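Working notes for the structure below.
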Amino acid sequence: MTPRPASPGGRSRLGRLLSLLAAPMLAVPLLGAASPGAGVDGPGATPTGVVLSALPSGAASADPITLITGDQVWLEPAEDGRKVAVVEPAPRPSGQEPQFEVLDKGDDLYVIPSDAAILIPDRLDRELFNVTKLVKYGYTDGVSVIVAGAPTRAAAASTKGLAVTTRLSSVNGYAATVKPDGGWWSTIAPASGTARTLTSAGKVWLDEIAEVSLDQSVPMIGAPVAWSQGFDGTGETVAVLDTGVDLNHPDLVGQIAGSRIFTGEANITDQHGHGTHVASTIAGTGVGSNGKYKGVAPGADLLIGKICTASGSCPTSATIAAMEWAAPLADVVSMSIGSNVGDSGASPEAMAINRLSASHPHTLFVVAAGNNGQQGAGSIASPGSADAALTVGAVDKQGKLAYFSGRGPRLGDFAIKPDVTAPGMGIVAARAAGTSMGTPVNTLYTSASGTSMATPHVSGAVAIAMQHNPELTAKQVKAELIAAGRPSADASVYEQGGGLIDVPAAINAPILATPEPLNVGFFAYPQDNTPVTARPVTFTNRSNAAVSLDLALDVTHKDGTAAPSEALSVSPATLTIAAGGTATATVSLDVRNLPKGVYGGYLKAQGAAANIHVPVGFTVEPPMADLTLTGIMRDGRPATRASAVYVLNANDPKQPWKELRFDNGVASGRFTPGTYYIVGAIQTMDGANRYMLNKTMIGAPTVRLTAGTALTFDARQAKAISVDTPEHPEASPVDQIAKTVVGYGGPSSTENFAPQWIGKWTPTYVLKSGPAELKPMEFVQQVRLAAAPLELKVLSPRAEDVYIQPLSGTPEIDTSMDLDLAYVGQGAEADYTGLDTTGKAVLVRRSDTPYSTIEATARAHGAKALVIMHDTSGYFFGSVGANAQIPSMAISGEAGQQLRDQLASGKVAVRVSGTSWSPYLYDLALIRSGALPDGVEETVHTDNLVTVDNAFHGEPGGAQGEYRALWRPYLLFAASQLSTVKAARQRTEYVTAGTDSLYRQAVNAQYPSGGPLQERDVTYPGVEHIKHEWFRGPNHPTVLDPTGPRNPGYPVTRTGDVITLQLPEWSDSSSAEHYGNGGSTDTSPIKFYLDGNYVGQASRPMVKLTGLPPGESTARLELTTTRNAPWWQTSTKTVTNWTVRTARPSAPALVPMLTVDYDTQLDRTNTAVLPSDRNGPATLKLHVRHQAGYVGGAIAGAKVSISYDDGVTWQERPTKVTPGAGNFQAILDSTAAGDTPTGYASVRVEAWDTNGNRIEQEITRAWRLAPR
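Per this note's numbering: the sequence shown = residues 255 to 1522.
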């Protein structure tokens, strides 16, 4: 046999393997492993058949996702499958908080900061901001990315908020983790709203996590015939990049030549089962089954690259690193992985395959087509989308295309993919020890389905083909297998490529045809002047006798109509090829008069000695319409890339929206003719295009695109959104959310499109649109108004308000100062020469001098306030640092010039005032249906609004985070921005009433995210008065009320022999109102006992208990919660033990768990009130209840004990029954803080019902004691 050519590096295969075995392990940590759910562990005897398992807890976690920009996003579940995204912006060097575009696409939610949006998709992968995906990937401690750039850039970036993990030469870049501090973004962010590049990096992609793509099959592809001819892959090496391998499986002992780990795990052991199944399908010996389950190429050697975790998650960076390792060492690289969406072949791993294939021409990458077939055309997964990959679809054992098999045409260029098919349904192969992937057959084998199972069949076939013809390149082996495949009449070329592989037909075929497949091209509309396209096909005769071939094209339109011969032909029609010779035929295509659409089929080459085919495909683009939009900012300048619109197909709302971003005032795109919706926003920038001054909402609900359509959106014609609040005329906007909703279905309807813009308030305008003719459009403006933290008013020479932006770091004030104004140039020391600024407000022109320096200089010269005017049109943002001591604000260049003009004519007096804590808040939803309105003007009176009296209990001086989300009835996602509230303060809030909106307010005990509680999702059909006391002690775990509209809750339920339990780890004194789960400062393990026997424990109280005995038994649940944080000084630990009697119900039934609501006299710091401030003795009122809806035994009794030494000793207090079911009252003593070693009271409650169900709840430091 002719030796296989050496690799480009000149090493023989033996040398490569020796090098492999001697090489150290590559240090590539796992990037982006998914967060585990609640762990289950614990020793002890378990009742027979009873199993405790954890429920997923990621969606209920209090931990945020941090975007690469440093902004934090919490994606939280709500009722009825809804979700809310809560955003907390990170500081920017410019001082301006970004706005956020919130977009949904199916189940995915994107939260895109305005300073990043301008770089998508050219420099930033949109998936970097897919928060649904980031949560799924577990990217809570930083986002794993792949960055294009040179190694020198990678080294420098390591010190600027980026942890570089490995160099990826095949994509000319590196893998890294963006640290959550936002430091990296500050070094690469664009400097203006017109930028198209990052300042110090190439394109940045999300480090995607692909998934593994889940006895008769081997004969189906003819492998035993090849074995009988002496070809079983001997001498060939196949690298399997997967979940690892079971080194001790009898079918794989002796088959593995080496391995390497790319997941950061300790060993190569397969803890999933997928990798072992794949490896044995390729080269398993069948020893464990007496040869029944032998692999396709049992003579081949295997290299194992572990790129996937035990969960089957495969980070892109690990995959590329493994490909780079395998390419010079293996003849075949087998990859049974794929993305869960279609790909165009432009992904980093697809690019890596193409580049590695070019540099290693004798290594063939065999890749799964993916299991996205139910998505239809365009569902080929990455990296199977790579041109150079031999991409494999799946068929069942009758040769019929599997429903899940990914299929083309490929996205973007409509190329043919997959290349071949192979058996992928019900494949029995090796089962890794300790795993249960698929359907186990016995301890050694399991059955599984997927393109993952089809791929190793082809990898083994490639090994056989390479052994048979060692002189062939990877491209030629690929062509050989495609040409000899067996196409199914029931599938198109875009679904099967060359068809089901036929190993003996491929290796014995005398003729080799290239290229395989033949993608003639994508012909853009219009085609009137398109020249005739000619594509050569070369036939090589590998036999020792001349071969004659008859050539014919069998190509049809997607509708089944044959392509006419006058448009598509092959010449010559007959070829005679000498022994060892080559001949070329030309496929010619004239698309000018062809019907539009997708064409596919085969060029068939048949003769007495040969019968092969070449897959052929091309697309004639249907008529397209050019849409050209002109955008004009409010100052008359052309709109920049900071402005964008989204275009949605009204005739087919399931089609994804397309973003068009303005560039020098123009945004354009090509679309199929039809009716479209357009929604978007024009952002007016300052004169330097650095700062966003205001936003104009724009849209067109009915746009009929023909051959060419042009529209103009002129923000100068828009009218403002304004709200008048007569009861608080000084109220000013603080936060906003703008939604423009197209099409109303249910909350999960694919016909809804509702882009949202959220952020701190900037002046907002609405440009009136035409009417909506097909589906309605609704505009919703949420706005919050409160007393302004800082204001500037000119008193003389004429009274007028000046719009300002407080500079970050400006001190809070609760005063009003009437001051004379002085202009001091750029605020440098020299500018004060000869000026007396003591007791005045100083006006400064912006420069490159740090604002903190300007503030310090002004303060040193006796100034009482600092006003910095922009050095161009518009206003700006910035920071005066952490040490500022005088109120500091920015104003526009225009306003500053007006003040200077007034100063030139005489004295100017101003009033600087502020409010550090607004005692009121308007939270309004301004809704306009039908189309975009001509601005929004609204007057609201408090007696027409819902009044919510909110008290925020907590540590004095602390800051808490708060938001109120709003869903319209047809929306799945709501978006909100986190606000700051002061702990131990009270605020009256006024909320829009009388709409069908759904609300949820949430408060975090520590800003931004510590210790969250939320209210139940509620509607406000009419005016009402509500009172909430957030974090009022004692705080403790609870059982949620499962009743009420839209509130199914999380009841503890038994169905058959299964109990499902989800308990909120925290609630405040009235547990029916507020609930939440713990975060990084908390622990909440729960233990289970059944009839006194230990069952197990979990790290969170979110579990399922299965296998319970049908008869009555006693279950005991012991939950311990702790919170260790300086901002949480009361209710620091709770221990709650539930005892319940349970038996198999005839229908799903509530478990009789008890819960306790508490009421004692505490102030907003959770300190017991002084005796002088209360009437009578101190009391603790209890309300003991079952889960709402439970029908059974009545509450029978309760007792209360108090401890002043954190539970070392306890004193039982007199407790009596009070009116109302489950109501009790305990009399407390008058112990003061100075009388105790701790200064706190701990409480223990025991309560029970008439059926023997009990709760014992102990709360350490339940409240702070008052001084005497």
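Cβ atoms here follow ideal geometry from the backbone N, Cα and C, with glycine treated the same way.
Computed from a predicted structure; not experimentally measured.
Secondary structure of P217, DSSP reduced to three states = Since the first residue shown for the chain is 255 and the last is 1522, residue 217 is missing from the structure and cannot be characterised.
In or out: R346 buried (at least 16 other Cβ within 10 Å) or exposed?
-> As a position in the sequence shown, residue 346 is number 92, starting the count at 1. Buried: at least 16 other Cβ atoms inside 10 Å.
Can you list, in chain order, the stretches of the beta strand (DSSP E) that have 3 or more residues and sit fully within the segment 766 to 846?
-> 772 to 777, 787 to 795, 801 to 811, 822 to 825, 828 to 831, 836 to 843
Beta carbon of Y930, beta carbon of K1029: below 9 Å?
-> For this step, residue 930 is matched to residue 676 along the sequence shown. For this step, residue 1029 is matched to residue 775 along the sequence shown. No, these two residues do not count as a Cβ contact at 9 Å.
Counting Cβ pairs, one atom from each stretch, are 3 or more of them under 8 Å apart for the segment 1374 to 1389 and the segment 1329 to 1341?
-> The segment 1374 to 1389 vs the segment 1329 to 1341: in contact.
Starting from L735, follow the alpha helix (DSSP H) in both directions and report where the run begins and ends.
-> Here the question's residue 735 lines up with position 481 in the sequence shown. Segment 728 to 737, the alpha helix (DSSP H) holding L735.
Nearest to S797 by CA position, among Q1035, E462, A863, is which residue?
-> As a working note, residue 797 is residue 543 in the sequence shown. Minimum Cα distance to S797 is reached at A863.
With a 10 Å radius around its C-beta and 16 neighbouring C-beta atoms as the bar for buried, classify Q1255 as buried or exposed.
-> Within the sequence shown, residue 1255 is the residue found at index 1001, counting from 1. With a 10 Å radius around the Cβ and a threshold of 16 neighbouring Cβ atoms, Q1255 comes out buried.
Nearest-angstrom Cα separation, counted from E1209 out to R1522 | Reading the sequence shown from its first residue, position 1268 is the one you call residue 1522. Reading the sequence shown from its first residue, position 955 is the one you call residue 1209. Their Cα atoms are separated by approximately 20 Å.
Name the residue from L1226, E981, I886 whose alpha carbon lies nearest to the alpha carbon of V995.
-> On the sequence shown, residue 995 is found 741 positions in, with the first residue counted as 1. Minimum Cα distance to V995 is reached at L1226.
Member of V1235, G392, M679, R1518 whose CA lies at the smallest distance from the CA of S701 | Translated into positions along the sequence shown, residue 701 becomes position 447. Closest option to S701, Cα to Cα, is M679.
Looking only at its own chain, which residues have a Cβ that is under 8 Å from the Cβ of W1464, when we skip the five neighbours before and after it?
-> The sequence position of residue 1464 within the sequence shown is 1210, counting from 1. The answer, listed in chain order, is S1455, I1456, S1457, R1498.
Just the C-alpha distance for V389 and T431, rounded to the nearest angstrom, thanks.
-> Stepping through the sequence shown from its first residue, residue 389 is reached at position 135. Stepping through the sequence shown from its first residue, residue 431 is reached at position 177. Whole-angstrom Cα-Cα distance: 15 Å.
Contact set for G1493: own chain, Cβ-Cβ below 6 Å, skip 5 residues either direction = Translated into positions along the sequence shown, residue 1493 becomes position 1239. A1487, L1519.
The beta strand (DSSP E) spanning E253 covers which residue range?
-> The requested residue 253 does not occur in the structure, where the chain is confined to residues 255 to 1522.
Cβ neighbours of D1322 in the same chain (closer than 6 Å, five flanking residues each side left out) | Here the question's residue 1322 lines up with position 1068 in the sequence shown. If we look at D1322 and ignore the five residues flanking it on each side, its Cβ neighbours are F1285, R1286, N1289, H1328.
Using DSSP bridges, identify the partner residues of N221.
-> Residue 221 lies beyond the range of the chain shown here (255 to 1522); nothing can be said about it.
Grab me the residues of G542's own chain with a C-beta within less than 8 Å of its C-beta, minus the 5 sequence neighbours each way, in chain order.
-> Numbered from its first residue, the sequence shown carries residue 542 at position 288. Same-chain partners within the cutoff: H503, P504, D505, A684, L698, Y699.
Of the choices K973, V933, S1070, whose alpha-carbon is the least far from that of M1031?
-> Numbered from 1 along the sequence shown, position 777 holds the residue referred to as residue 1031. Ranking K973, V933, S1070 by Cα distance to M1031 puts V933 first.
Between the Cα of F1033 and those of Y1019, Y1343, E1045, spot the shortest distance and give me the residue it belongs to.
-> Walking along the sequence shown from the start, residue 1033 turns up at place 779. For the residues Y1019, Y1343, E1045, the minimum Cα distance to F1033 belongs to Y1019.
Apply the 10 Å Cβ neighbour rule to V304 and answer buried if 16 or more other Cβ atoms are within range, or exposed otherwise.
-> Locating residue 304 in the sequence shown gives position 50, where the first residue counts as 1. So V304 ends up on the buried side.
Hey, out of V466, S1230, P1223, whose CA is closest to E1216's CA?
-> On the sequence shown, residue 1216 is found 962 positions in, with the first residue counted as 1. Of the candidates V466, S1230, P1223, the one whose C-alpha sits nearest the C-alpha of E1216 is S1230.
Can at least three beta-carbon pairs, one atom from the segment 953 to 967 and one from the segment 1011 to 1018, be found at a separation below 8 Å?
-> Contact fails: fewer than three Cβ-Cβ distances are below 8 Å.
Closest residue to G1081 among T1092, E1372, T1111 (Cα-Cα distance) = Position 827 of the sequence shown, counting from 1, holds the residue named residue 1081. Comparing Cα positions, the closest option is T1111.
Take the Cβ of D940 as the centre, count every other Cβ of all protein chains shown within 10 Å, and call the residue buried at 16 or more, exposed below.
-> Here residue 940 refers to the residue found at position 686 of the sequence shown. By the 10 Å Cβ count, D940 comes out buried.
Cα separation between A1076 and T1091?
-> Within the sequence shown, residue 1076 is the residue found at index 822, counting from 1. Within the sequence shown, residue 1091 is the residue found at index 837, counting from 1. Rounded to whole angstroms, A1076 to T1091 spans 7 Å at the Cα level.
Does the segment 558 to 572 touch the segment 710 to 725, meaning 3 or more C-beta pairs lie closer than 8 Å?
-> no
State yes or no: is the C-beta of G1506 within less than 9 Å of the C-beta of T1393?
-> Taking the first residue of the sequence shown as 1, we reach residue 1506 at position 1252. Taking the first residue of the sequence shown as 1, we reach residue 1393 at position 1139. Contact: yes.
In angstroms with no decimal places, state the Cα-to-Cα distance between S1142 and V1134.
-> Walking along the sequence shown from the start, residue 1142 turns up at place 888. Walking along the sequence shown from the start, residue 1134 turns up at place 880. Their Cα atoms are separated by approximately 7 Å.
DSSP three-state assignment for K850, whether helix, strand or coil | The residue given as residue 850 occupies position 596 in the sequence shown. If DSSP states are grouped into helix, strand and coil, K850 belongs with coil.
Under the three-state DSSP convention, the category D1125 falls into | Looking up residue 1125 in the sequence shown gives position 871. If DSSP states are grouped into helix, strand and coil, D1125 belongs with coil.
Counting only beta-carbon atoms, is P1318 nearer than 9 Å to chain C?
-> In summary, chain C is missing from the structure at hand, where a single protein chain is found.
Contacts around D435, its chain only, beta-carbon distance under 8 Å, and the 5 residues preceding and following it disregarded = On the sequence shown, position 181 is the one that residue 435 refers to. G324, G415, listed in sequence order.
Could you please give me the residues that DSSP links to M589 through a beta bridge?
-> The sequence position of residue 589 within the sequence shown is 335, counting from 1. DSSP output for M589 lists V621 as bridge partner(s).
What residues match up with W1284 in a beta bridge as DSSP calls it?
-> Working through the sequence shown from its first residue, we reach residue 1284 at position 1030. Listed as beta-bridge partners of W1284 by DSSP are F1206.
Beta-carbon contacts of S897 that lie in its chain and below 6 Å, excluding the five residues immediately before and after | By one-based count along the sequence shown, residue 897 stands at place 643. Here the set comprises G885, F916, I936, Q937.
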